[in-house]
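Numbered as in the working numbering, the sequence shown ends at 921 without a single skipped number.
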Amino acid sequence: MNIRDSFNGHTAKHPSVYVATITLVLIINLLFTLVIIQKGNNTITGKLPADFNIYYITSYRFLNDLEIYNKLTVPSDLSDVLSDVIPASYLASPPFLVLLTSPLIFLPFEIAWWSLTVFSWLIVFLSTFVTARTCQFSRKNSWLIASWAVTSLPVFILLIANHFESVLLLLALFGLFSIKKKYNILVGLFLGASTAFKLFPLYWFLPFCNRRYLKIFSYSMASFIVINLFTLYLIGFDQLYLFLNNALPQSMFWYKSPGNLSLLTIGTVLCSTTAGWVLSGLGAILIAYFLFRRTLPPDQFFIIAISGSLLLSPLSWSYYYILLIPCLIILASHLESTKSNRLQLLFLIISLCFWPSLLGSLSDPIIMALPAPIDNIFRFLPTLGLSMLIATTFQADFSKLDQLSSSIQNQ
Numbered sequence: 511m512n513i514r515d516s517f518n519g520h521t522a523k524h525p526s527v528y529v530a531t532i533t534l535v536l537i538i539n540l541l542f543t544l545v546i547i548q549k550g551n552n553t554i555t556g557k558l559p560a561d562f563n564i565y566y567i568t569s570y571r572f573l574n575d576l577e578i579y580n581k582l583t584v585p586s587d588l589s590d591v592l593s594d595v596i597p598a599s600y601l602a603s604p605p606f607l608v609l610l611t612s613p614l615i616f617l618p619f620e621i622a623w624w625s626l627t628v629f630s631w632l633i634v635f636l637s638t639f640v641t642a643r644t645c646q647f648s649r650k651n652s653w654l655i656a657s658w659a660v661t662s663l664p665v666f667i668l669l670i671a672n673h674f675e676s677v678l679l680l681l682a683l684f685g686l687f688s689i690k691k692k693y694n695i696l697v698g699l700f701l702g703a704s705t706a707f708k709l710f711p712l713y714w715f716l717p718f719c720n721r722r723y724l725k726i727f728s729y730s731m732a733s734f735i736v737i738n739l740f741t742l743y744l745i746g747f748d749q750l751y752l753f754l755n756n757a758l759p760q761s762m763f764w765y766k767s768p769g770n771l772s773l774l775t776i777g778t779v780l781c782s783t784t785a786g787w788v789l790s791g792l793g794a795i796l797i798a799y800f801l802f803r804r805t806l807p808p809d810q811f812f813i814i815a816i817s818g819s820l821l822l823s824p825l826s827w828s829y830y831y832i833l834l835i836p837c838l839i840i841l842a843s844h845l846e847s848t849k850s851n852r853l854q855l856l857f858l859i860i861s862l863c864f865w866p867s868l869l870g871s872l873s874d875p876i877i878m879a880l881p882a883p884i885d886n887i888f889r890f891l892p893t894l895g896l897s898m899l900i901a902t903t904f905q906a907d908f909s910k911l912d913q914l915s916s917s918i919q920n921q
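Put into structure tokens, the structure is as follows:
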């Protein structure tokens, strides 16, 4: 019996426990919502250095034929809405993300802010619910899991920073379902779009670098190239030069930033940037070694691609960890329900979804109060959890019935 079946059976046999749990979750969701509203009311003033301000400025620049990747300043037309305090020197978003965020300027700042917040919340909730149902969790347990998921700290940071990673979550799941249905062209389209949207999904190409997946790799590369060429045609090919020369180099200043939980960051914080790159390289070699030893089923394939990219990417912000929510659900549907596996899954859930350092700079007072080396252990526990997720996934038995491709049972 796997953990999913054990969980379904337990809640069916003990309805009072389920009622108590769902009540607790609803209370936590209410408190979560109140905090988001309070944070949102502060941010929508436009006077705080929020990343969403950058998206809004970029939308203005794009629709007014201004240089997108020049140094960020507040246009005079928006000076009554936005503060001069900008949290970055240059826009870091790839051109395709610029194109997708361009309609923001058509909405008043406050409406645009709240629209993205509500959209992101809905995407995370529905994606989690659908993943749980397709993994054959009961309907009521799927609602419970989704309700817990939207209170996780990566989701909290996603909402208050108002980023667009919910779209990436959607593209990743569409890609998984397409792989399982063997729709190779769609897999390539979603993978190419994901990589154009955020550059770090380039690591998702790694598992496709063998003969068996040559078609998917080709479709993905073609999709990535076509999407970027079309985007650059619309925003101007000169913007690519500015992106490569202005936007990308500033990323090196964020290697030590709170909330960046990559292997590169660990090496940089503990030793030097060179040590960080060496650590990332060793991690990539180790993952590739186990990845190509045998052919992996889609579920296992998906978890390794997502978690591996977050571990190896130079910038692995805590809000990227919303991508791990489906991974944990899928893993629970394959792990045998032993005491050690249940404890291991609990550790993964805590370290990847609810550990305080996932709050980024908001957790600085806690980390600074801790003595060395406990402070760094506390900060990088999610990175350890990410490594453990990869190791657990490689060791788990995914050879049985592929849960996501099986029919949904009415429970």
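For every residue, glycine included, the Cβ atom is placed at its ideal position computed from N, Cα and C.
Predicted model only: the values in this text are computed from it and were never measured.
Beta-carbon proximity check, residue i vs residue j, cutoff 8 Å
i: ILE546; j: LEU669; result: yes
i: LEU806; j: ILE814; result: yes
i: PHE639; j: LEU681; result: no
i: SER861; j: ILE877; result: no
i: ILE839; j: PHE812; result: no
i: SER847; j: ILE513; result: yes
i: SER730; j: PHE715; result: yes
i: ILE726; j: GLY818; result: no
i: GLY645; j: SER909; result: It should be noted that the sequence gives Cys, not Gly, for residue 645. Contact flag unset, no.
i: SER897; j: PRO824; result: no
i: TYR566; j: ILE532; result: no
i: GLY786; j: THR775; result: yes
i: PHE857; j: THR661; result: no
i: TYR600; j: LEU582; result: yes
Extent of the continuous alpha helix (DSSP H) run through residue i
i: SER526; result: 525-553
i: ARG721; result: Looking at the DSSP string, ARG721 is not in any alpha helix (DSSP H), and its letter there is neither H nor E.
i: ALA682; result: 675-690
i: ASP708; result: Looking at the sequence shown, residue 708 is not Asp but Lys. Unbroken run through LYS708: none, as it is neither H nor E.
i: ASP496; result: Nothing in the structure corresponds to residue 496, since the chain is present only between 511 and 921.
i: MET878; result: 874-878
i: ASP575; result: Segment: none, ASP575 is in no alpha helix (DSSP H) and carries neither H nor E.
i: GLN760; result: Where GLN760 is concerned, there is no enclosing alpha helix (DSSP H), given that its DSSP letter is neither H nor E.
i: ASN851; result: 849-859
i: THR661; result: Taken as a continuous stretch (DSSP letters only), THR661 belongs to no alpha helix (DSSP H), as it is neither H nor E.
i: TRP623; result: 619-644
Status (buried if at least 16 other CB within 10 Å, exposed otherwise) for residue i
i: GLU675; result: buried
i: PRO711; result: buried
i: HIS524; result: exposed
i: GLN810; result: buried
i: ILE795; result: exposed
i: ASN920; result: Residue confidence for ASN920 is low, a pLDDT of 37 falling below 50, so the modelled location carries little weight and cannot support an answer.
i: VAL584; result: buried
i: HIS520; result: exposed
i: VAL697; result: buried
i: LYS690; result: buried
i: LEU709; result: buried
i: GLY702; result: buried
i: ASN518; result: buried
i: SER850; result: exposed
i: ASP561; result: buried
i: PRO572; result: Checking the sequence shown, residue 572 turns out to be Phe, not Pro. Buried, because 16 or more other Cβ atoms sit within 10 Å of the Cβ of PHE572.
i: THR741; result: buried
Residue of the options minimising C-alpha distance to residue i
i: LEU869; options: VAL665, SER847, LEU654; result: VAL665
i: SER637; options: ALA622, SER657, THR627, VAL584; result: SER657
i: LEU610; options: MET511, VAL660, CYS719, HIS673; result: HIS673
i: LEU744; options: PHE619, ASP575, LEU853; result: ASP575
i: ALA659; options: LEU894, PHE700, ILE633; result: ILE633
i: TYR799; options: PHE904, ARG721, LEU724, ASP885; result: PHE904
i: ILE538; options: PHE647, ASP515, LEU663; result: LEU663
i: ALA622; options: SER826, LEU853, LEU588, ILE554; result: ILE554
i: VAL529; options: PHE687, TRP653, ASP515, TRP764; result: TRP653
i: TYR723; options: PRO759, THR783, PHE802, LEU754; result: PHE802
i: SER612; options: ILE578, SER630, LEU536; result: ILE578
Closer than 7 Å: residue i CB and nearest the ligand NAD heavy atom
i: LEU801; result: In terms of ligand content, the structure shown is empty, and the ligand NAD therefore cannot be addressed.
(message) Measuring CB atoms only, is the region 742-750 touching the region 601-620, in the sense that at least three cross pairs come out at less than 8 Å?
(response) Yes, the region 742-750 is in contact with the region 601-620.
(request) Please confirm if the region 769-782 is in contact with the region 884-891, defined as three or more CB-CB distances below 8 Å between the two stretches. (result) Segments in contact, yes.
(message) With three or more beta-carbon pairs closer than 8 Å as the criterion, would you say the region 824-834 touches the region 760-777?
(response) These segments touch.
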